[in-house]
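Structure record follows, encoded as structure tokens.
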Amino acid sequence: MVPLRGDRAARTARRPSGPHRVQGLGAGFVPDALDTAVHDEVCRVSLPRAQEAARGPARHEGVLVGVSGGAALHAATTVARYPRHRGALVVVVLPDTGERYPSTDLYA
20 MVPLRGDRAA RTARRPSGPH RVQGLGAGFV PDALDTAVHD EVCRVSLPRA
70 QEAARGPARH EGVLVGVSGG AALHAATTVA RYPRHRGALV VVVLPDTGER
120 YPSTDLYA
């Protein structure tokens with residue numbers, strides 16, 4: 020399991036809690052139900068990489084994906100390229116839709 024963080028998120032940048040620009044990737048809290056012992060790693064994703072990854076499904080498949088979905092897709096493709104995962108099945112959940120982003124720079 021590979022959770023995500025915005026590359027400028029407070030927990031990633033080791034600074035006090037505050038905003039980062041990758042919408043949908045949490046507000047600087049860790050839920051009690053989260054078992055971090057099952058994490059293989061934490062993937063940091065920048066806003067430009069999340070946006071570019073979100074545009075791919077729209078361009079190639081007609082599927083609108085939001086920024087956090089793009090971040091998840093970027094992380095999954097990064098993890099899938101690791102040599103240790105050669106031939107493995109990598110599953111990703113795209114947690115949002117792009118329908119609320121048409122007037123933003125994501126799809127403008």
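Add 19 to the 1-based position in the sequence shown for the numbering used here, that's all there is to it.
Built from N, CA and C at the ideal position, the CB exists for glycine as well.
From residue i to residue j, what does the alpha carbon distance come to, in whole angstroms?
{"i": "R103", "j": "A52", "result": "29 Å"}
{"i": "A95", "j": "V111", "result": "6 Å"}
{"i": "G106", "j": "V21", "result": "18 Å"}
{"i": "T97", "j": "H79", "result": "19 Å"}
{"i": "S122", "j": "H93", "result": "22 Å"}
{"i": "R119", "j": "V82", "result": "13 Å"}
{"i": "T56", "j": "T116", "result": "In the sequence under discussion, the amino acid at residue 56 is Ala, which differs from the Thr named in the question. One C-alpha to the other measures close to 29 Å."}
{"i": "E60", "j": "P50", "result": "17 Å"}
{"i": "D54", "j": "A99", "result": "23 Å"}
{"i": "A91", "j": "D124", "result": "19 Å"}
{"i": "V64", "j": "Y101", "result": "16 Å"}
Below 8 Å between beta carbons: does that hold for residue i and residue j?
{"i": "P114", "j": "S87", "result": "yes"}
{"i": "A69", "j": "Y126", "result": "no"}
{"i": "G89", "j": "A72", "result": "yes"}
{"i": "C62", "j": "L23", "result": "yes"}
So what does residue i bridge to, in DSSP terms?
{"i": "L23", "result": "C62"}
> Where in the segment 51-106 do unbroken runs of the beta strand (DSSP E), each at least 3 residues long, occur, reported from the N-terminal end onward?
Replying inline: As far as the segment 51-106 is concerned, its whole beta strand (DSSP E) runs of at least 3 residues are 62-64.
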